[in-house]
Amino acid sequence: MEGKEEDVKLGANKFSERQPIGTSAQTDKDYKEPPPAPLFEPGELTSWSFYRAGIAEFIATFLFLYITILTVMGVSKAPTKCSTVGVQGIAWAFGGMIFALVYCTAGISGGHINPAVTFGLFLARKLSLTRAVFYIIMQTLGAICGAGVVKGFEKSSTFERLGGGANVVAHGYTKGDGLGAEIVGTFILVYTVFSATDAKRNARDSHVPILAPLPIGFAVFLVHLATIPITGTGINPARSLGAAIIYNKDHAWDDHWIFWVGPFIGAALAAVYHQIVIRAIPFKSRA
Numbered sequence: 211m212e213g214k215e216e217d218v219k220l221g222a223n224k225f226s227e228r229q230p231i232g233t234s235a236q237t238d239k240d241y242k243e244p245p246p247a248p249l250f251e252p253g254e255l256t257s258w259s260f261y262r263a264g265i266a267e268f269i270a271t272f273l274f275l276y277i278t279i280l281t282v283m284g285v286s287k288a289p290t291k292c293s294t295v296g297v298q299g300i301a302w303a304f305g306g307m308i309f310a311l312v313y314c315t316a317g318i319s320g321g322h323i324n325p326a327v328t329f330g331l332f333l334a335r336k337l338s339l340t341r342a343v344f345y346i347i348m349q350t351l352g353a354i355c356g357a358g359v360v361k362g363f364e365k366s367s368t369f370e371r372l373g374g375g376a377n378v379v380a381h382g383y384t385k386g387d388g389l390g391a392e393i394v395g396t397f398i399l400v401y402t403v404f405s406a407t408d409a410k411r412n413a414r415d416s417h418v419p420i421l422a423p424l425p426i427g428f429a430v431f432l433v434h435l436a437t438i439p440i441t442g443t444g445i446n447p448a449r450s451l452g453a454a455i456i457y458n459k460d461h462a463w464d465d466h467w468i469f470w471v472g473p474f475i476g477a478a479l480a481a482v483y484h485q486i487v488i489r490a491i492p493f494k495s496r497a
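Numbering (our numbering), first residue to last: 211 to 497.
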């Protein structure tokens, strides 16, 4: 009987009562804030894990472009949209692939698969400049190869006639409209990435790391539903560059700057919002 009482006391101390979310009672720091990544980390260049992560980003972006651009081609060449998966299917292809690929690569490279995500995480000091530049290079190379394989499956004339899956601002919208759509869309994506991978939430809710790919993929899906009619939805400079290089027509290059400037601005805004407003990191370090 005494042993049972001791077990009860031990359990009560081990599992403390959870405080209501959003109240000032939550003061216990049940997580350890990771230190900021160094700006330059030359030691990474001699580590196999560094190159393994870059290869993972290359393959993931390659597969991402392969599936998504093929889906876009299938919808574009159908005589009627009712005979294809349509815009909703394209959005599911993009969101579903991000969900699957982030799940597969998160433990190896972090599952960025997008230079804008890499840029946002770099601004938040989640990775070094060395790794960020390497990731972006590998992502763009993977995207080019993925779009190139799609062109290999299609006749050159058909591929060019259908637009090659390249991002352009649609007729009836201005370049400013396209830029705004890319900024807001990327903000939603990168803000979701920050929230889904937050160190504090991971410590408080052990299931968060397992579910992280789901909200990220769902965010991509929703942004595509909203902005496919405006820009074809970039929110990923590697995706836009890969398709533009393989398609290589003037009108695709005329708007191409939008699909770099917009996502990078959106990613920067998401990083600032999450780190300063949501997490109040500068104020914590000052205290």
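Cβ coordinates follow ideal geometry from the N, Cα and C atoms, glycine included.
Through-space distance from residue j to residue i, alpha-carbon basis
{"i": "Y401", "j": "S367", "result": "40 Å"}
{"i": "P425", "j": "I456", "result": "31 Å"}
{"i": "T271", "j": "L451", "result": "12 Å"}
{"i": "S259", "j": "I318", "result": "8 Å"}
{"i": "R581", "j": "V394", "result": "Look at the range of the chain in this structure, 211 to 497, and you will see that residue 581 is not part of it."}
{"i": "V378", "j": "H461", "result": "7 Å"}
{"i": "V327", "j": "V403", "result": "8 Å"}
{"i": "L255", "j": "V343", "result": "12 Å"}
{"i": "C355", "j": "K410", "result": "38 Å"}
{"i": "L479", "j": "N458", "result": "31 Å"}
{"i": "I269", "j": "M348", "result": "9 Å"}
{"i": "R335", "j": "G375", "result": "33 Å"}
{"i": "G296", "j": "A310", "result": "21 Å"}
{"i": "Y261", "j": "V487", "result": "34 Å"}
{"i": "A316", "j": "P423", "result": "8 Å"}
{"i": "V312", "j": "P325", "result": "14 Å"}
{"i": "G442", "j": "I300", "result": "10 Å"}
{"i": "A406", "j": "A454", "result": "31 Å"}
{"i": "G373", "j": "P248", "result": "42 Å"}
Residue i, enclosing alpha helix (DSSP H) - first and last residue
{"i": "E370", "result": "S366 to R371"}
{"i": "R262", "result": "W258 to K287"}
{"i": "K242", "result": "No alpha helix (DSSP H) holds K242; DSSP gives it neither H nor E."}
{"i": "V379", "result": "No alpha helix (DSSP H) contains V379, which DSSP labels as neither H nor E."}
Residue i, buried or exposed, once every other Cβ within 10 Å from all chains shown has been counted against 16
{"i": "H466", "result": "buried"}
{"i": "K385", "result": "exposed"}
{"i": "P245", "result": "exposed"}
{"i": "P252", "result": "exposed"}
{"i": "H484", "result": "buried"}
{"i": "F250", "result": "exposed"}
{"i": "E392", "result": "buried"}
{"i": "R371", "result": "exposed"}
{"i": "T290", "result": "exposed"}
{"i": "I265", "result": "exposed"}
{"i": "S257", "result": "exposed"}
Test: residue i CB closer than 8 Å to a CB of chain B
{"i": "V378", "result": "You won't find chain B in this structure, because it holds only one protein chain."}
What residue ranges within the segment 438–497 form continuous alpha helix (DSSP H) runs of no fewer than 4 residues, ordered along the chain? 447–457, 460–464, 468–482 and 491–496
Contiguous alpha helix (DSSP H) assignments of at least 4 residues, all confined to the segment 299–342: 325–333
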